[in-house]
Amino acid sequence: MDAKKAEILLEFGRIKSNDLNLLKEKYFAILKKLSITEKDLEDIENIIQGYFNLFELNIKNIEFDLGLVRGMDYYDGYVFEIVDLNNKEIGSIAGGGEYSRLIKSFEGPMNLSAIGIAGGIERTIEKVNSKQETNKNLISVISLVEGKAEKLISTLRENNIPTTYRQLNKEDIKRGLKFADANNVNVAIIIGEKELKDGKYRIKHMKTGKEELIEKETVINFIKELI
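Numbering (the numbering used here) for the sequence shown: 1437 to 1663.
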C-alpha cells in the first residue's frame, strides 16, 4: 500500500461523531479521493446509509467510529460496541458485528449473512450492582406495526423513562401484555395500525386494566404525569 492510500485509511479511522451532517460531509469527501469504480462507491454509500438511518430515527446515543475494529478474521460488515455513558471507564459491556462467511466455515451449507452480539458477564454484573435507580416506573412499548416504535422508544428514554420494547404480531398481543405484567410494568403503550391512522397510541394501565387513546404528540407528557 502506498503512502497516499495509507493516509486516506487513517482519515477514515479518525472519523468519529454523532452529528449526521458532519459525518456525511467528512465521509463522502474522503470517498471522492479513492480511485474506485462507481459500483464500489455505490456499495459503500449503501452500507454507510444504514448508519445514517439510525440518526434519522432520532436515535441519538450513537457514535459513528470508523476506527473501531473487532474480529477481523470473521466480521466482514458492521461492527459495534455498547458502553455505559455514565461509566465509560469499565469499557464496552457488549459488542458484536455482521458476518457472512462464518457459518460456512463451520461446515454450514452456505454463506449466510447474520449479526451476532455478546455481553461481558463481569462488566454487566458490575453495572447492575452499581445501579442506584429502580424500574418502578417501567414502561412497555408493544408495536404491532414494524418500524413504527423506534422514535417513540428513543424519546421516552431521552426523557429518562425506562422502556422495554416488544415487536409482535396482532395475534400475540396477549403474550406481550403477559410479559409486561410479569416484569411489573405499570403502563403499556400499544402501537396498532388503526391507532396510527388516527394519530394516536393505545395506553393500557396494567394494574387496573383500563385502556385509553392518547394523541401521539402528547404521549410523552402524559406518561410523565403518570409516573
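For glycine and all other residues, C-beta sits at the position ideal for the given N, C-alpha and C. Just so we're clear, the structure is a prediction, and the values are computed from it rather than from any experiment.
Between residue i and residue j, which are expected to be in contact by the criterion C-beta below 8 Å, what is the C-beta distance as a whole number of angstroms?
i	j	result
I1626	R1638	4 Å
L1613	K1640	7 Å
N1596	I1656	The pair is not a contact, with the Cβ atoms about 11 Å apart (cut-off 8 Å).
T1599	I1609	Not a contact, Cβ separation roughly 18 Å.
E1481	I1466	Contact doesn't hold; Cβ gap of about 12 Å is too wide.
Beta-carbon within less than 6 Å of residue i's beta-carbon, same chain only, minus the 5 sequence neighbours each way: which residues are those?
i	result
K1452	D1501
L1538	Y1510
R1559	I1526, I1529
Please go through the same chain and pick out, in chain order, the residues whose beta-carbon is closer than 7 Å to the beta-carbon of residue i, but skip the five residues on each side of it.
i	result
R1506	V1515, G1531, G1533
Y1511	G1533, E1534, Y1535
K1462	I1451
K1606	L1580
Checking 8 Å against the spacing of the C-beta atoms, do residue i and residue j come in under that value?
i	j	result
I1650	K1633	no
E1562	I1518	no
N1622	L1548	no
A1624	A1616	yes
K1587	L1493	yes
Can you list, in chain order, the residues of its chain with a C-beta nearer than 8 Å to that of residue i? Leave out the 5 residues immediately preceding and following it.
i	result
A1585	V1577, S1579, Y1601, Q1603, I1627
E1474	none
V1581	I1627, G1628, E1629, L1632
What would DSSP say about residue i, mapped onto helix, strand or coil?
i	result
K1636	strand
K1462	helix
I1660	As written in the sequence, residue 1660 is Lys, which differs from the Ile given in the question. Of the three classes helix, strand and coil, the one that applies to K1660 here is helix, per DSSP.
K1475	helix
Counting only runs of 4+ residues fully inside the region 1496-1582, write out the alpha helix (DSSP H) ranges in chain order.
1538-1541, 1557-1566
Only counting runs of 4 or more residues, tell me where the alpha helix (DSSP H) segments fall wholly within the region 1580-1653, in order along the chain.
1586-1594, 1609-1618, 1629-1633
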